[in-house]
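With full-length UniProt numbering, letter number 56 in the sequence shown gets 56, and the count goes up by one each step, no holes.
Note that CB positions come from ideal geometry on N, CA and C, so glycine has one too.
Predicted, not measured: the structure shown is a model, and the values here were computed from it.
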Amino acid sequence: MKTLLLLHGAIGSSAQLEMLKKKLESSYKVYTFNLPGHGGTALPQEFSIPTFANIARTYIRLEGLSSISIVGYSMGGYVAMYLARHYPGFVEKVVTLATKFEWDEAIAAREVKMLQPDVIEQKLPAFAKTLEERHAPEDWKQVLDKTKDMLLGLGKHNELSLEDYTFIRTPVQLLLGDRDKMVGLEETLAVYKQLPNAQLGILPGTPHPIEQVDAELLAFHVRRFIG
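Here is the structure:
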């Protein structure tokens, strides 16, 4: 049985991927874990894509996993692509969903505006409560602050340039929801065209939040690609 690792997105946790995990467990050995500072794990000194990629790499090695494929949602997909770029052969296949690839200072500045704790508490109290519970006992506001720093850092230096994708020989499937307001089709297509061995899929009626993604539809695409 093949092995899959599911990676969650920024300010998220592995719990958000439980529904997808259940859909895939009959076909694969499925693993999930919380990246540092997420889902109640201790806050690291900094959030960064290289840091998260190294943590994922360490997790895979400590679990003794081999011939592993990664399904990454949003930031999790970026982490998976970083691993495929910098550690050739380490990952068998990669599936990304709703992963933002294009970063510059203007994009980063726009994204961090949505990560203001005070605004979230005032305008989205239910979401603030969700974040508080998701990251307890750590302070969810610190999680947001570190995420903002990471995004601003990506705005100054995108960890993966378009040229980087030409070096990724790992088979990749890029999935995007047709109603995703955070990730654009053009940036996804730009990466797709650079990848030597890639597939592109559009999920109908699908916005960015993982909670609004049809887990059965996503599992179908994963199974069809991973085999």
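Spatial distance of residue i from residue j (CA atoms)
{"i": "residue 117", "j": "residue 107", "result": "19 Å"}
{"i": "residue 139", "j": "residue 218", "result": "31 Å"}
{"i": "residue 145", "j": "residue 97", "result": "24 Å"}
{"i": "residue 65", "j": "residue 3", "result": "8 Å"}
{"i": "residue 119", "j": "residue 112", "result": "12 Å"}
{"i": "residue 16", "j": "residue 25", "result": "16 Å"}
{"i": "residue 160", "j": "residue 5", "result": "21 Å"}
{"i": "residue 35", "j": "residue 8", "result": "8 Å"}
{"i": "residue 128", "j": "residue 134", "result": "10 Å"}
{"i": "residue 214", "j": "residue 205", "result": "9 Å"}
{"i": "residue 223", "j": "residue 216", "result": "10 Å"}
{"i": "residue 40", "j": "residue 137", "result": "6 Å"}
{"i": "residue 156", "j": "residue 105", "result": "6 Å"}
{"i": "residue 130", "j": "residue 210", "result": "14 Å"}
{"i": "residue 123", "j": "residue 191", "result": "35 Å"}
{"i": "residue 196", "j": "residue 158", "result": "20 Å"}
{"i": "residue 76", "j": "residue 20", "result": "14 Å"}
{"i": "residue 126", "j": "residue 181", "result": "21 Å"}
{"i": "residue 185", "j": "residue 22", "result": "29 Å"}
Secondary structure of residue i, DSSP reduced to three states
{"i": "residue 177", "result": "strand"}
{"i": "residue 45", "result": "coil"}
{"i": "residue 198", "result": "strand"}
{"i": "residue 226", "result": "helix"}
{"i": "residue 68", "result": "strand"}
{"i": "residue 29", "result": "strand"}
{"i": "residue 95", "result": "strand"}
{"i": "residue 87", "result": "coil"}
{"i": "residue 170", "result": "coil"}
{"i": "residue 217", "result": "helix"}
Test item: CB-CB of residue i and residue j under 9 Å
{"i": "residue 31", "j": "residue 1", "result": "no"}
{"i": "residue 57", "j": "residue 167", "result": "no"}
{"i": "residue 183", "j": "residue 74", "result": "yes"}
{"i": "residue 179", "j": "residue 221", "result": "no"}
{"i": "residue 174", "j": "residue 201", "result": "yes"}
{"i": "residue 147", "j": "residue 11", "result": "yes"}
{"i": "residue 203", "j": "residue 177", "result": "yes"}
{"i": "residue 143", "j": "residue 81", "result": "no"}
{"i": "residue 68", "j": "residue 60", "result": "yes"}
{"i": "residue 150", "j": "residue 70", "result": "no"}
{"i": "residue 225", "j": "residue 194", "result": "no"}
{"i": "residue 62", "j": "residue 109", "result": "no"}
Close-in-space but distant-in-sequence residues of the same chain around residue i (CB under 6 Å, 5 per side omitted)
{"i": "residue 170", "result": "84, 91 and 94"}
{"i": "residue 102", "result": "187"}
{"i": "residue 52", "result": "35 and 79"}
Proximal residues to residue i (C-beta, below 7 Å), its chain only, five neighbours per side dropped
{"i": "residue 88", "result": "169"}
{"i": "residue 164", "result": "85"}
{"i": "residue 132", "result": "140"}
Cβ-based burial, residue i [other Cβ within 10 Å; buried from 16]
{"i": "residue 114", "result": "exposed"}
{"i": "residue 38", "result": "buried"}
{"i": "residue 72", "result": "buried"}
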